[in-house]
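Chains A and B are the protein sequences, given in the same order.
Residue numbering for the first sequence follows my numbering, starting at 2 and increasing by one per position.
Residue numbering for the second sequence follows my numbering, starting at 2 and increasing by one per position.
Glycine residues also receive a C-beta, built at the ideal position from the N, C-alpha and C atoms.
Presented below is the structure to which this report refers.
2 protein chains.
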Amino acid sequence: MLDSNAPSAALAAPHLDAWFAQPDGSTGEDIESQLLRLGLPRKLVHRKDTLFRPGQSKSALYLVRSGYFKTSLLSEDGREKVTGFRMRGDLLGLDSIGLSHHACEAVALDVGEVIELPHALLSARVPGFQMWLAATMAREIRRDWEWMLATSTLGAEQRVIAFLLDLADRQRALGYSGEQVMLQMTRAEIGNFLALQLETVTRALSHLDVVGLIAVDRREIRILDTGALRAMIAGERGLH
Amino acid sequence: MLDSNAPSAALAAPHLDAWFAQPDGSTGEDIESQLLRLGLPRKLVHRKDTLFRPGQSKSALYLVRSGYFKTSLLSEDGREKVTGFRMRGDLLGLDSIGLSHHACEAVALDVGEVIELPHALLSARVPGFQMWLAATMAREIRRDWEWMLATSTLGAEQRVIAFLLDLADRQRALGYSGEQVMLQMTRAEIGNFLALQLETVTRALSHLDVVGLIAVDRREIRILDTGALRAMIAGERGLH
DNA sequence: CGGATAGTTGAGCCTCGTCAAAAAGCGTGG
DNA sequence: CCACGCTTTTTGACGAGGCTCAACTATCCG
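And the structure:
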């Protein structure tokens, strides 16, 4: 649901445009594997480790190699908003490009590993890095907008469904089953992300379990009827 | 409210990093005025003109020179979400960088003018363009997140206040008064953006008028007590 | 084993959405 | 210039979805 990329033909364009014409993944993996070959500094994290905080001076982006992270925004008066859950292949710190300090917070939800990407260095040394970065940021913007659409037009249960299907899709894209989803985050964090209370998330999960569309076992969710679930967010629009 | 850039010292960094170290505006105006001097193609638009639609093949970004635009996302099943209102200095089409086709829609709310920015050309010819673009995209991401925070933690009236203050701030940044805001969009569009119904927007505006914090005259809003308004979104957190 | 964290479930209430009707603007053409 | 139709806005009444508060259970970790 989350990526509305037109899966169109990659145009045979002059080299500079090569990137912009790419639908999504192909050249991306090129750049990504280039980055991996560069022997950039790696960093191991444990559950609840904070990778960076708002206001902290920023030196690099982080590319997630393994594990799960949440990024969140904090307001002065204590409100918090989880802006996304990140997994392998995602970039952390995109939002603070152009700033000398981080604007959001990134916390590990599990043990994991990230690679530091010093943009200045990479911009100079890796041809196409800038393009890749811009394309990645654009994808982040589209994701954000999709979720804005979801939270403002879908009811509580529909949002939870969209969340589960999104996780499943992303897991599938990484080579996992997609039938089974292990939630690395608390109900409260899911609720925060979806603009719901944790009790509402619980109730939605319980209800979907009762009607047999998913099987909930603690944080392990088995998706039993993808078709029906998809129909529930595409069909009747919005609340009601 | 919307831009949480640290107004910190611009570090004396190696040239490549110059951009990333910039807090926000200074070098940006450099690039922007460079762009203006290039004699890039301009385009005049009328009220309700569509600059681009989802699926339409994309050739360039658009820099707003005058007028007001809304950008919105459309889902297959007809749901719509206004993703932002854009004015002078804003870029249209950022979200579809890396795609060959547009992912969202941009419509003029008034007569206006835009400049076409062909990224391939500019990336090659204007040094620092890529950096500027990345910084601009990052700012868009931060804005989006701020609004996600707002819509998920603030009550209806607070969201409307945040919206008015944001408009006022942006107008002030462009050299206008900031006391007076002319809404170029309908109540329905405001509501869509804020995840509210149009009736709720109307009620919020009416109420704020009654209590004397703003003066509503059709689409002309006069902000009478900025301090009190700011307190209402920073003070008591969220709903209730 | 015991304290803390996380999740579940219930009951009541409140904000905001829904439906409806009317007023006010606004553009258009006679 | 005014009449007409359309869009936009306002206001009211009502109901419901989800939030709040609260109690209880399960789980994790030292």
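Contact with chain B by residue i, beta-carbon distance below 8 Å
i: ARG188 of chain A; result: no
i: ALA136 of chain A; result: yes
i: ILE159 of chain A; result: Checking the displayed sequence, the identity of residue 159 of chain A turns out to be Gln instead of Ile. Chain B, which has no Cβ nearer than 8 Å to the Cβ of GLN159 of chain A, makes this no.
i: MET233 of chain A; result: no
i: ASP96 of chain A; result: yes
i: GLN131 of chain A; result: yes
i: SER76 of chain A; result: yes
i: ALA104 of chain A; result: yes
i: GLY228 of chain A; result: no
i: ALA196 of chain A; result: yes
i: GLY156 of chain A; result: no
i: GLY113 of chain A; result: no
i: GLY99 of chain A; result: yes
Spatial distance of residue i from residue j (CA atoms)
i: GLY90 of chain A; j: LEU134 of chain A; result: 13 Å
i: ASP218 of chain B; j: GLU81 of chain A; result: 35 Å
i: PHE37 of chain A; j: ILE116 of chain A; result: The sequence shown places Leu at residue 37 of chain A, rather than the Phe named in the question. Rounded to whole angstroms, LEU37 of chain A to ILE116 of chain A spans 8 Å at the Cα level.
i: LEU166 of chain B; j: LEU41 of chain B; result: 33 Å
i: ILE98 of chain A; j: SER153 of chain A; result: 28 Å
i: ARG173 of chain B; j: PHE86 of chain B; result: 16 Å
i: TRP148 of chain A; j: ALA163 of chain A; result: 9 Å
i: THR72 of chain A; j: ASP96 of chain A; result: 10 Å
i: THR187 of chain B; j: LEU45 of chain A; result: 50 Å
i: PHE130 of chain B; j: GLN198 of chain B; result: 40 Å
i: LEU150 of chain B; j: PRO128 of chain B; result: 35 Å
i: LEU100 of chain B; j: HIS208 of chain B; result: 44 Å
i: VAL211 of chain A; j: GLN181 of chain A; result: 17 Å
i: THR203 of chain B; j: ARG144 of chain B; result: 24 Å
i: GLU33 of chain B; j: ASP170 of chain A; result: 40 Å
i: GLY79 of chain A; j: ALA235 of chain B; result: 9 Å
i: ASN193 of chain B; j: ASP50 of chain B; result: 20 Å
i: MET88 of chain A; j: GLY68 of chain A; result: 6 Å
i: ARG66 of chain B; j: LEU110 of chain B; result: 14 Å
i: LEU230 of chain B; j: GLY228 of chain A; result: 47 Å
i: ALA232 of chain A; j: ILE142 of chain A; result: 25 Å
i: TYR177 of chain A; j: GLU221 of chain A; result: 14 Å
i: ALA189 of chain A; j: ARG160 of chain A; result: 14 Å
i: ARG43 of chain A; j: GLY156 of chain A; result: 41 Å
i: ARG223 of chain B; j: ILE215 of chain B; result: 5 Å
Residue-chain proximity (residue i, chain A), Cβ-Cβ < 8 Å
i: ALA174 of chain B; result: no
i: ALA216 of chain B; result: no
i: ALA163 of chain B; result: no
i: GLY179 of chain B; result: no
Residues that residue i bridges to, as DSSP identifies them
i: SER58 of chain B; result: B:HIS102
i: ARG223 of chain A; result: A:GLN181, A:ALA216
i: THR72 of chain B; result: B:GLY85, B:ALA107
i: SER67 of chain B; result: B:GLU114
i: LEU93 of chain B; result: B:TYR63
Problem set entry | the stretch 138 to 154 of chain A: positions lying closer than 8 Å to chain B by Cβ | MET138, ALA139, ARG140, GLU141, ILE142, ARG143, ASP145, TRP146, GLU147, TRP148, MET149, LEU150, THR152, SER153, THR154
Exercise. Taking a cut of 7 Å between CB atoms, which residues from the stretch 201 to 213 of chain B lie near chain A?
Worked result: none
Problem set entry | Continuous beta strand (DSSP E) assignments of at least 3 residues falling wholly in the stretch 141 to 205 of chain B | 181 to 183
Problem set entry | Cβ-based contacts, 8 Å cut-off: residues of the stretch 26 to 51 of chain B near chain A | none
Problem set entry | Within 7 Å of chain A by C-beta, residues of the stretch 53 to 64 of chain B in sequence order | GLY56
Exercise. Between the stretch 80 to 91 of chain B and chain A, which residues of the former have CB atoms less than 7 Å from a CB of the latter, in chain order?
Worked result: ARG80, LYS82, THR84
Problem set entry | Those runs of the beta strand (DSSP E) which lie wholly inside the stretch 28 to 53 of chain A and span at least 3 residues | 43 to 46, 51 to 53
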